[in-house]
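**Student:** Under my numbering, the residues of the sequence shown are numbered 102 to 196, in order. Yeah, the Cβ is synthetic: ideal placement off N, Cα and C, and Gly gets one too. As the structure is a prediction and not an experimental result, all values here were calculated from the model. One structure is given below, represented as structure tokens, and several questions about it will come after.
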Amino acid sequence: NNLIEVQKQTQNLLDQQQRLALQDKKLLEEYKAENDSLKALKMPTEDTKEEQVEHQPQEKLEALKSEIKTLQEQLNEQATIEPQEAPRKWWKFWK
């Protein structure tokens, strides 16, 4: 009975990890799309540079790049954690 509880807890943790990985993947895709849209913006001309200084798009771009990098590292970390967790063979305990 205790083994069943442990198995349920393990399955719940794996399900939670999978949900978080999918959520991270979705966020990463959103940030990549936003990053691409920022890259698509035209470079400011001499006339509009003064206006652009107030908005500081380069800082936003760098912040997004940093956040994307962090999310990518989290995804890579989760990808390396999942294969390390070998499924336990519960049938051995019943012998």
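(1) Taking the continuous alpha helix (DSSP H) assigned at N136, which residues delimit it?
(2) For a quick check, are the C-beta atoms of L172 and L129 less than 8 Å apart?
(3) I'd like to know whether the C-beta atoms of L165 and D125 end up nearer to each other than 8 Å.
(4) Can you grab the Cα-Cα spacing for the pair P104 / E178, in whole Å?
(5) Excluding sequence positions up to five away, which residues of its chain have a Cβ less than 6 Å from the Cβ of E162?
(6) Quick one: Cα of V107 to Cα of K127, how far?
**Tutor:** Well, looking at it:
(1) Looking at the DSSP string, the run of the alpha helix (DSSP H) that includes N136 is N103 to A141.
(2) Against a cut-off of 8 Å, the Cβ pair of L129 and L172 comes out as a contact.
(3) With respect to D125, L165 sits apart: the two C-beta atoms are not nearer than 8 Å.
(4) The amino acid at residue 104 is misidentified as Pro; the sequence shows Leu. Distance between the alpha carbons of L104 and E178 is about 28 Å.
(5) Looking at the sequence provided, one finds Leu at residue 162 rather than Glu. Result list for L162: L139, in chain order.
(6) Their Cα atoms are separated by approximately 30 Å.
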